[in-house]
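Read through the structure below, which is laid out as structure tokens, and then see the notes.
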Amino acid sequence: MSMNTSKLVKILLSLFAFNSLTLYFYFSSDSHHLHHNNSQKITTQTDHHHHHQQQQQFSKPWPILPSYLPWSSSQNPDVKIRSCEAYFGNGFQTRLVILNSSSPTPPGGGGGWFRCFYSETLRSSVCEGGKVKMNVGKIKMSRGGERLEEVLGRKEEEEMPVFEDGAFEVDGDGDGDGNLGFRRRRLVSDDFLNSYLPEGEILSHTMRALIGSIRVVEPRVFDDCDQWVEEPTLLVTRFEYANLFHTVTDWYSAYVSSRVTGLPNRPHLVFVDGHCKTQLEETWTALFSSIRYAKNFSGSVCFRHAVLSPLGYETPLFKGLTEDINCRGAAAHDLWQNPDDRKTARLSEFGEMIRAAFEFQVNRHQTEKPGTGHNVLFVRREDYLAHPRHGGKVQSRLSNEQEVFDSIQRWVSNHLECKINLINGLFAHMTMKEQVKHIQDASVIIGAHGAGLTHIVSAIPKTVIFEIISSQFRRPHFQLIAQWKGLKYHAINLDGSYANPTVVVDKLSNIMRSLGC
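So the sequence shown is residues 1 to 517, counted in UniProt numbering.
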């Protein structure tokens, strides 16, 4: 009996080992079927001496966002100029077809195509094209994507793109004349640029310069593409790329461009600039399917579908600093039932997009805070090396910040009415995901005026914002963001940069009392 049992055990162990090996090889060879089941495939083709290589990647799906409202012009056709939807949503209602494709249904197959969507409210355009070629050798700028320590002292002008004629080309199939043959030409005139991509107050409008460089060329030019990118790709140029506020304007512009052009999945992204890497790249990577620097490609790159995102300076987040955007945040559900030109849920939608990109739950309206008490997040200003021209010292906006923090900490430790957790927001020492998590979990966000407060775009409903403003920095950035998100906002305006700790604690105590604490 024991001998039979021993044989049976050996047989079972052998079958288990064989089954384990079979499963291992199956999942190893077919793992791409298990990753992002509902994602789209991107194929990059490399052509060297007629030898084709294909690399398969995946496009991330759009997450389900509670504050999402339709972006399609057909679903939302009557957007009034200078309404909240025109500023924050799809105000890009003027459709401009610049180049028709030989294919009846672009962005499908056939020849190249190009069109823009103009917003009279923002005075900018989202543009997109099919069969677009990027000749990186005709773009003058640094390589980009380096470690900061490798490029210390590099000048800003070295990082910004200068486009030669033909830096970008679009397939003009169907654009020729049967008698005269094909005529290479500029895609758009100066009059078009002045009308739909005006420079305004922007000293160096790189998107305008990029489109001005595009040439319509004969189809055979695309026979020698070194690489083909098959999936929709955003082309983005950043200016103040190491500053959170300005980077949030870039994120918002890229998000809006993706929605306005109706992309079915989150696009891939190419930085058409020569900036080095920063901590903020973590969020770029989370938001989009992939990121790459233009100069990191070798040879020419052809995009089956390219989308050109407006500059961050052209978003309402930036324009609101100089023009009156009288909008207030509201719940998307309420606006769907009762549309209101003076209310918006778009910034809430965008904040949910950021949280979802980091895989935080957004499938319900989170209005209740953690059961462990109220988190009071104090966003600190720290010294850190931001970019190649930065000395590593951050300008103080609150000269006695540590004293204020210590005073709040003592108050919290003696506060018995409810549980309060004071979070020391040393963001320079945290990952972007950790920063967003602290913003999401906060009942109150407090801090001196500074770019770190821009994180409040990701705050959930009922979060209270408390800003300490020195006399030299009376700017409305965060009051406006709070207003556009429908968050309660409080401020203390200082005579200089010193804050009386007692005044700050009293203000915070009143805020906590309003929260039932």
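Glycine included, C-beta positions come from ideal geometry on N, C-alpha and C.
Note down, in chain order, each residue of its chain lying with its Cβ closer than 6 Å to the Cβ of residue i, except the 5 sequence neighbours on either side.
i: residue 237; result: 206, 272 and 273
i: residue 134; result: 168 and 301
i: residue 164; result: 138
i: residue 404; result: 499, 501 and 504
i: residue 512; result: none
i: residue 446; result: 378 and 466
i: residue 356; result: 63 and 362
i: residue 28; result: Unreliable placement is indicated for residue 28, whose pLDDT of 36 sits below 50; no coordinate value is reported for it.
Which stretch, first to last residue, makes up the beta strand (DSSP E) that contains residue i?
i: residue 134; result: 124-135
i: residue 492; result: 488-493
i: residue 114; result: 113-119
If you measure between the beta carbons of residue i and residue j, is that distance less than 8 Å?
i: residue 295; j: residue 183; result: no
i: residue 172; j: residue 99; result: yes
i: residue 126; j: residue 289; result: no
i: residue 451; j: residue 245; result: yes
i: residue 482; j: residue 465; result: yes
i: residue 311; j: residue 202; result: yes
i: residue 467; j: residue 480; result: no
i: residue 215; j: residue 166; result: yes
i: residue 304; j: residue 230; result: yes
i: residue 362; j: residue 65; result: yes
i: residue 471; j: residue 495; result: yes
i: residue 276; j: residue 161; result: no
i: residue 118; j: residue 88; result: no
i: residue 170; j: residue 297; result: no
i: residue 375; j: residue 421; result: yes
i: residue 309; j: residue 234; result: yes
i: residue 299; j: residue 227; result: yes
i: residue 478; j: residue 456; result: yes
i: residue 267; j: residue 307; result: yes
Looking at the unbroken alpha helix (DSSP H) that takes in residue i, where does it start and where does it end?
i: residue 520; result: Residue 520 falls outside the range modelled here, since the chain spans only 1 to 517, and no answer is possible.
i: residue 93; result: It is not in any alpha helix (DSSP H) - residue 93 carries neither H nor E in the DSSP assignment.
i: residue 359; result: Run containing residue 359: none; DSSP gives neither H nor E here.
i: residue 243; result: Residue 243 -> no alpha helix (DSSP H), and no H or E assigned at all.
i: residue 504; result: 501-514
i: residue 481; result: 477-485
i: residue 318; result: 316-319
i: residue 335; result: 332-337
i: residue 157; result: 156-159
Output needed for residue i: all residues of its chain with C-beta closer than 7 Å, excluding positions within five of it in sequence on either side, in chain order.
i: residue 331; result: 345
i: residue 252; result: 315, 317 and 350
i: residue 240; result: 246
i: residue 50; result: Below a pLDDT of 50, predicted positions are generally treated as unreliable, and residue 50, at 36, falls in that range; the measurement from the model is reported next regardless. If we look at residue 50 and ignore the five residues flanking it on each side, it has no Cβ neighbours.
i: residue 326; result: 342
i: residue 438; result: 377, 423 and 425
i: residue 510; result: none
i: residue 23; result: The pLDDT assigned to residue 23 is 36, lower than 50, so where the model puts this residue is not dependable, and the model offers no usable value.
i: residue 352; result: 65, 66, 67 and 362
i: residue 506; result: none
i: residue 198; result: 123
i: residue 431; result: 282
Would residue i count as contacting chain D if we go by Cβ distances under 8 Å?
i: residue 469; result: The structure shown contains no chain D, having only a single protein chain.
Skipping 5 residues on each side, what residues in its chain have a beta carbon closer than 8 Å to that of residue i?
i: residue 476; result: 320 and 321
i: residue 360; result: 436, 437 and 440
i: residue 516; result: 418
i: residue 508; result: 376, 408, 411, 444, 446 and 466
i: residue 429; result: 382
Would you say the beta carbon of residue i is closer than 7 Å to some non-hydrogen atom of the ligand GDP?
i: residue 517; result: By its list of ligands, the structure shown contains no ligand whatsoever, and the ligand GDP lies outside what it can speak to.
Given 8 Å, three or more beta-carbon pairs between the stretch 75-90 and the stretch 280-288 | no
If you scan the stretch 248-290 from start to end, which runs of the beta strand (DSSP E) of 3 or more residues do you find wholly inside it?
-> 268-271
Quick one: which unbroken beta strand (DSSP E) runs of 3-plus residues sit fully inside the UniProt domain "Glycosyltransferase 61 catalytic" (362-465)? Chain order, please.
-> 374-379, 420-425 and 442-448
Does the pairing of the stretch 184-204 with the stretch 257-269 give three or more beta-carbon distances under 8 Å?
-> no
Going along the chain, which unbroken runs of the alpha helix (DSSP H) with 4 or more residues stay wholly within the stretch 162-238?
-> 190-196 and 206-213
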